[in-house]
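Chemist: So for the sequence shown, the numbering used here puts the first residue at 497; every next one is plus one.
We treat Cβ as the ideally placed atom computed from N, Cα and C, and that holds for glycine.
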Amino acid sequence: MPPQTSSPSLYLQALPKTFYLVQLDASEPLPAALIQKLAAPLQGHESQFISITRTGGEVSIVSDFSVRGGGGGGGALATKPETTWRCIRVAGPMDLSLTGIMNDLTTPLKAAEIPVFAISTWDTDFLLVPEDKGDTAVDVMRADGWTVIRV
497 MPPQTSSPSL
507 YLQALPKTFY
517 LVQLDASEPL
527 PAALIQKLAA
537 PLQGHESQFI
547 SITRTGGEVS
557 IVSDFSVRGG
567 GGGGGALATK
577 PETTWRCIRV
587 AGPMDLSLTG
597 IMNDLTTPLK
607 AAEIPVFAIS
617 TWDTDFLLVP
627 EDKGDTAVDV
637 MRADGWTVIR
647 V
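1. Return the first residue and the last residue of the alpha helix (DSSP H) that residue 597 is part of.
2. Keeping to the same chain, check which residues put their C-beta closer than 6 Å to that of residue 548; ignore five residues upstream and five downstream.
3. Inspect the beta-carbon positions of residue 499 and residue 617 and report whether they are closer than 9 Å.
4. In whole angstroms, what separates the C-alpha of residue 563 from that of residue 593?
5. Counting pairs of beta carbons, one from the segment 506–526 and one from the segment 612–630, are three or more of them closer than 8 Å?
6. Starting from residue 519, trace the alpha helix (DSSP H) both ways and give me its first and last residue.
7. Determine the extent of the alpha helix (DSSP H) in which residue 532 is found, giving its start and end residues.
8. With distances taken between CB atoms, is the gap from residue 607 to residue 586 smaller than 9 Å?
9. Please return the same chain residues whose Cβ sits closer than 8 Å to the Cβ of residue 629, not counting the five positions on each side in sequence.
10. Under a Cβ-count criterion, where at least 16 other Cβ atoms within 10 Å of its own Cβ denotes burial, should residue 647 be classed as buried or exposed?
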């Protein structure tokens, strides 16, 4: 479904970095090196993405560095192999009263049979698609009427 408005806040940004998704066992502590990266202030224009979600059964970590090989630690604790993804970010900021944005974003990807791992923050949404489907996802979104900018 095309965007609800032509506002630049709903433009999509295809991010150049590879993103990593790893699942850890919920009964294990988070790797110290990952916590250090999360707690450290960003320097200058440094970009870093870390999202940690803990439930009773798992810890899901999404980052723009390898948790296993990029200083995040935790390789021995992973319950599933670390997987690689491409990220499409909604430019934002978006008003929290908007409805249906995630539906509008994922409908064309569903039709193209592209899996999505979605993350929302206060300001925006992030759609992760398998790394090998990143270019196809950008083409699908453009064909659906979205403005997609490669950053």
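Modeler: The structure says:
1. Counted from its first residue, the sequence shown places residue 597 at position 101. Counting along the chain, the alpha helix (DSSP H) containing residue 597 begins and ends at 597–607.
2. Locating residue 548 in the sequence shown gives position 52, where the first residue counts as 1. Taken in chain order, the residues that qualify are 557.
3. Locating residue 499 in the sequence shown gives position 3, counting from the first residue. Locating residue 617 in the sequence shown gives position 121, counting from the first residue. No, these two residues do not count as a Cβ contact at 9 Å.
4. Within the sequence shown, numbered from 1, the residue matching residue 563 stands at position 67. Within the sequence shown, numbered from 1, the residue matching residue 593 stands at position 97. Between residue 563 and residue 593, the C-alpha separation is close to 34 Å.
5. yes
6. Taking the first residue of the sequence shown as 1, we reach residue 519 at position 23. From DSSP, residue 519 is part of no alpha helix (DSSP H) but of the beta strand (DSSP E) over 515–521.
7. Numbered from its first residue, the sequence shown carries residue 532 at position 36. Run containing residue 532: 528–535, per the alpha helix (DSSP H) assignment.
8. In the sequence shown, the residue the question calls residue 607 occupies position 111. In the sequence shown, the residue the question calls residue 586 occupies position 90. For residue 607 and residue 586, no; Cβs fall outside 9 Å.
9. If you number the sequence shown from 1, residue 629 lands on position 133. Cβ within range, chain order: 582, 610, 611.
10. For the purposes of this step, residue 647 is identified with residue 151 of the sequence shown, where counting begins at 1. Label assigned to residue 647: exposed.
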